[in-house]
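J.: Here it is: the structure, laid out below.
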Amino acid sequence: MTDNDTHHHHRHLPPDPEYTAEKLQELLIQKGLVDEKTLDEIVNIYEHKIGPQNGSRVVAKSWADGEFKKLLFDNPTEAIKSLGFHGRQGEHVIAVENTTETHNMVVCTLCSCYPWPLLGIPPNWYKSDSYRKRAVKEPRKVLHEFGVELKDTQKVKVWDSTAEIRYLVVPMQPEESKGLSEDELVPWVTRNSMIGTGLPTKPK
Amino acid sequence: MTKIHDMGGIPCVESLPLENTTVFEKKWHKIVLSLTLAVGALGKWNLDRSRYFRESLPPDDYGNFTYYEKWMAGLVNLMVDSGLIDQSELRDFKVASKSMQGISVSPEALKSMIAKGDPSLCNSNTCFEPHEIGTLVKTKSPPANNYLENGHTRLPAYSSGSKGEIVLYHGFHRLPDANAHLLGPNPEPLYTVSFTAYALWGNEAENPDDKIHLDLWHSYLEPIAVK
Numbered sequence: 010m011t012d013n014d015t016h017h018h019h020r021h022l023p024p025d026p027e028y029t030a031e032k033l034q035e036l037l038i039q040k041g042l043v044d045e046k047t048l049d050e051i052v053n054i055y056e057h058k059i060g061p062q063n064g065s066r067v068v069a070k071s072w073a074d075g076e077f078k079k080l081l082f083d084n085p086t087e088a089i090k091s092l093g094f095h096g097r098q099g100e101h102v103i104a105v106e107n108t109t110e111t112h113n114m115v116v117c118t119l120c121s122c123y124p125w126p127l128l129g130i131p132p133n134w135y136k137s138d139s140y141r142k143r144a145v146k147e148p149r150k151v152l153h154e155f156g157v158e159l160k161d162t163q164k165v166k167v168w169d170s171t172a173e174i175r176y177l178v179v180p181m182q183p184e185e186s187k188g189l190s191e192d193e194l195v196p197w198v199t200r201n202s203m204i205g206t207g208l209p210t211k212p213k
Numbered sequence: 175m176t177k178i179h180d181m182g183g184i185p186c187v188e189s190l191p192l193e194n195t196t197v198f199e200k201k202w203h204k205i206v207l208s209l210t211l212a213v214g215a216l217g218k219w220n221l222d223r224s225r226y227f228r229e230s231l232p233p234d235d236y237g238n239f240t241y242y243e244k245w246m247a248g249l250v251n252l253m254v255d256s257g258l259i260d261q262s263e264l265r266d267f268k269v270a271s272k273s274m275q276g277i278s279v280s281p282e283a284l285k286s287m288i289a290k291g292d293p294s295l296c297n298s299n300t301c302f303e304p305h306e307i308g309t310l311v312k313t314k315s316p317p318a319n320n321y322l323e324n325g326h327t328r329l330p331a332y333s334s335g336s337k338g339e340i341v342l343y344h345g346f347h348r349l350p351d352a353n354a355h356l357l358g359p360n361p362e363p364l365y366t367v368s369f370t371a372y373a374l375w376g377n378e379a380e381n382p383d384d385k386i387h388l389d390l391w392h393s394y395l396e397p398i399a400v401k
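Listed in order, the protein sequences are those of chains A and B. Counting from 10, one number per residue, gives the positions in the first sequence under my numbering. Counting from 175, one number per residue, gives the positions in the second sequence under my numbering.
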């Protein structure tokens with residue numbers, strides 16, 4: 010196919026995705042295009058090593074450590090790197106801070122760009138058509154659906170991730186959590202609070 | 175032409191699917207994600223091209239497929255396009271050609287590729303004089319690819335032809351409009367442009383003073399004179 014072909018691409022696969030995925034995997038292993046151990050390692054990384062616990066650590070540290078907070082906003086990519094988080098889908102990171110005047114939330118209307126090294130693989134709703142359609146047009150309704158009610162003073166800032174810049178929302182630290190250590194703060198920082206569709210929550 | 179993936183702002187009454195939040199809902203999701211990364215690591219295409227292939231799926235498929243079905247269909251089309259696999263192999267799921275034998279990426283190499291990523295930031299060039307922060311701009315309309323008809327672009331239709339203000343400058347970044355079609359990185363200045371909800375949605379805005387920020391390349395923007 011050439012790219013100046015204006016027709017849409019064709020369909021090559023049978024309809025049952027589970028069957029197809031398994032057969033395709035077998036075929037590509039047999040062809041020597043992929044190594045089974047590599048596939049296992051990728052799954053292991055995104056199931057166990059890279060996930061929202063990384064972003065929670067970044068936010069908790071920014072709450073507990075003023076110097077780190079300054080670095081996080083001045084040079085976010087370096088700041089998260091200093092905690093060991095970097096790489097694929099997080100090459101260029103910007104931290105945006107929620108305040109009493111501004112509430113930030115992140116979307117990717119064109120696909121599902123997301124800061125993988127900090128938050129892992131995006132949840133279903135983030136990749137859904139309804140979130141992609143609605144977040145830029147009716148962010149307040151969307152937030153309401155997540156149970157987030159804004160203060161009258163707060164304006165919404167939506168970040169549509171159209172390039173390779175990835176956004177981390179730094180939520181406001183709950184009053185109740187002030188004075189806790191970085192380790193104690195980590196579980197307060199929920200995944201959704203770092204996308205802007207939730208607020209930090211006292212751990213159960 | 176507006177494509178089906180370009181859906182920001184399209185009227186939608188569906189509520190959000192908030193129920194399932196496990197990393198991988200089904201076992202085959204793991205297969206598709208790991209295959210996509212492992213085959214992608216062979217370096218036959220780039221991320222912009224894989225986005226272009228997903229969004230070029232037949233519109234019915236794009237609309238009906240779940241997330242990982244889109245990934246799988248995009249991956250297969252990329253593999254056919256780049257000669258990694260032929261259509262008969264997909265029909266029978268049997269190896270027909272062994273010419274690529276042994277090119278797979280090892281777990282160690284893949285791990286280091288994930289850790290390193292693929293920064294889109296490039297050296298600056300003299301083809302473009304970056305605009306200053308605070309410059310008022312109007313986005314290109316229609317949101318067309320300048321290199322080829324119906325090509326890939328990252329200017330969403332909902333923002334096309336709207337006025338905003340440059341609030342951040344990110345340096346020169348690879349231009350997806352060229353890179354997706356293997357025409358080179360063609361780096362351009364990249365900015366974050368801030369639009370008021372009113373500028374994008376007019377009287378339909380939920381709150382006219384809310385802001386929507388998009389990351390847009392130099393050639394997507396035309397500076398406008400300050401009154």
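Virtual Cβ for every residue (Gly too), placed ideally from N, Cα, C. The structure presented is a predicted model; accordingly, all values stated were derived computationally and were not measured.
(1) Pull up the DSSP beta-bridge partners for B/Pro397, would you.
(2) Keeping to the same chain, check which residues put their C-beta closer than 7 angstroms to that of B/Tyr413; ignore five residues upstream and five downstream.
(3) Of all the alpha helix (DSSP H) runs that stay within the bounds of the region 207-249 of chain B, which reach a length of 4 or more residues?
(4) Going by the DSSP bridge assignment, what does B/Lys337 pair with across the sheet?
(5) For A/Pro124, which residues in the same chain have their Cβ closer than 8 angstroms to its Cβ, ignoring the five residues on either side in sequence?
(6) So does the region 380-388 of chain B actually touch the region 293-308 of chain B, counting three or more Cβ pairs closer than 8 angstroms?
(7) Out of B/Ser368, B/Asn320, B/Ala354, state which residue places its alpha-carbon closest to the alpha-carbon of A/Asp169.
(8) Verify whether the separation of the beta carbon atoms of A/Val43 and A/Val198 is less than 7 angstroms.
(9) Checking contacts by CB at 7 angstroms: is B/Lys177 closer than that to chain A?
(10) Going by beta carbon distance, what residues of the same chain come within less than 8 angstroms of A/Leu159, once the five residues before and after it are set aside?
(11) May I have the straight-line CA-CA distance separating B/Ala352 from A/Val145, to the nearest angstrom?
(12) Closer than 7 angstroms by beta-carbon distance: list the chain B residues that pair up with A/Val145, in chain order.
(13) I believe A/Ser139 touches B/Ser189 by the beta-carbon criterion, under 8 angstroms. Please report the beta-carbon distance rounded to the nearest angstrom.
(14) Contact defined as beta carbons within less than 8 angstroms: I believe B/Lys337 pairs with B/Ile386. What is the distance between those atoms, to the nearest angstrom?
(15) Would you mind reading off the limits of the alpha helix (DSSP H) that contains B/Phe267?
(16) Residues of the region 163-196 of chain A in Cβ contact with chain D at a cutoff of 8 angstroms, in chain order, please.
(17) Considering Cα atoms alone, identify which of A/Leu33, A/Asp83, A/Lys142 is closest to B/Pro185.
(18) Using only alpha-carbon positions, find the residue among B/Pro361, B/Leu349, B/Glu306 that is nearest to B/Asn299.
(19) Would you check if the region 253-271 of chain B and the region 211-222 of chain B touch, i.e. whether three or more CB-CB distances between them fall below 8 angstroms?
(20) On the three-state DSSP scale, how would you describe B/Tyr321?
(21) Can you tell me whether DSSP reads A/Met114 as helix, strand or coil?
(22) Suppose you measure from the CA of A/Gly156 to the CA of A/Gly207; what does that come to, to the nearest Å?
(23) Would you call the CB atoms of A/Gly129 and A/Ile38 closer than 7 angstroms?
(24) Kindly list, in the order they appear in chain B, the residues whose Cβ is closer than 7 angstroms to that of A/Val43.
(25) When you compare the CB positions of A/Ala30 and B/Val213, do they come within less than 7 angstroms of one another, or not?
(26) For a cutoff of 7 angstroms on Cβ pairs, would you count A/Thr15 as touching chain B?
T.: So, from the listed chains and residues:
(1) Here residue 397 of chain B corresponds to residue number 223 of the second sequence, with the count starting at 1. In the DSSP output, where bridge partners are listed per residue, B/Pro397 has B/Val311.
(2) The shown model of chain B, from 175 to 401, leaves out residue 413 of chain B, and the question about it has no answer.
(3) 221-229, 233-238
(4) Taking the first residue of the second sequence as position 1, residue 337 of chain B is located at position 163. B/Lys312, per the DSSP bridge assignment.
(5) By one-based count along the first sequence, residue 124 of chain A stands at place 115. For A/Pro124, where only same-chain residues beyond five positions count, the Cβ hits under 8 angstroms are Gly64, Gln98, Gly99, Val102, Arg175, Tyr176, Leu177.
(6) no
(7) In the first sequence, the residue the question calls residue 169 of chain A occupies position 160. Ranking the options by Cα distance to A/Asp169, first place goes to B/Ser368.
(8) On the first sequence, residue 43 of chain A is found 34 positions in, with the first residue counted as 1. On the first sequence, residue 198 of chain A is found 189 positions in, with the first residue counted as 1. Not closer than 7 angstroms, so no.
(9) Position 3 of the second sequence, counted from the start, is the residue given in the question as residue 177 of chain B. No - not a single Cβ of chain A is within 7 angstroms of the one on B/Lys177.
(10) Position 150 of the first sequence, counted from the first residue, corresponds to residue 159 of chain A. Taken in chain order, the residues that qualify are His112, Arg149, Leu152, Val165.
(11) Numbered from its first residue, the second sequence carries residue 352 of chain B at position 178. Numbered from its first residue, the first sequence carries residue 145 of chain A at position 136. Rounded to the nearest angstrom, the two C-alpha atoms are 26 angstroms apart.
(12) Position 136 of the first sequence, counted from the first residue, corresponds to residue 145 of chain A. The answer, in chain order, is Gly182, Gly183, Tyr332, Ile386.
(13) For this step, residue 139 of chain A is matched to residue 130 along the first sequence. For this step, residue 189 of chain B is matched to residue 15 along the second sequence. Going by Cβ atoms, the distance from A/Ser139 to B/Ser189 rounds to 7 angstroms, so yes, they are a contact pair.
(14) Against the second sequence, residue 337 of chain B aligns to sequence position 163. Against the second sequence, residue 386 of chain B aligns to sequence position 212. Actually they do not touch by this definition, with Cβ atoms about 12 angstroms apart.
(15) As a position in the second sequence, residue 267 of chain B is number 93, starting the count at 1. No alpha helix (DSSP H) contains B/Phe267, which DSSP labels as neither H nor E.
(16) No chain D appears in the structure shown, which is made up of the protein chains A and B.
(17) Sequence index remark: in the second sequence, residue 185 of chain B carries index 11 (1-based). Measuring from the Cα of B/Pro185, the nearest candidate turns out to be A/Lys142.
(18) Residue mapping note: residue 299 of chain B aligns to position 125 of the second sequence, counting from 1. Selected option, being the one with the closest Cα: B/Pro361.
(19) yes
(20) Numbered from its first residue, the second sequence carries residue 321 of chain B at position 147. B/Tyr321 falls in the coil class under three-state DSSP.
(21) Residue 114 of chain A sits at position 105 when you count from the first residue of the first sequence. DSSP places A/Met114 in strand when its eight states are reduced to three.
(22) In the first sequence, residue 156 of chain A corresponds to position 147, counting from 1. In the first sequence, residue 207 of chain A corresponds to position 198, counting from 1. Rounded to the nearest angstrom, the two C-alpha atoms are 7 angstroms apart.
(23) Along the first sequence, one-based indexing puts residue 129 of chain A at 120. Along the first sequence, one-based indexing puts residue 38 of chain A at 29. Cβ atoms of A/Gly129 and A/Ile38: not closer than 7 angstroms.
(24) On the first sequence, position 34 is the one that residue 43 of chain A refers to. Within 7 angstroms Cβ-Cβ: Leu209, Ala212, Val213, Ser278.
(25) In the first sequence, the residue the question calls residue 30 of chain A occupies position 21. In the second sequence, the residue the question calls residue 213 of chain B occupies position 39. For A/Ala30 and B/Val213, no; Cβs fall outside 7 angstroms.
(26) The residue given as residue 15 of chain A occupies position 6 in the first sequence. Confidence is the limiting factor: at A/Thr15 the pLDDT is only 47, short of 50, which leaves the residue's position unreliable and the question unanswerable from this model.
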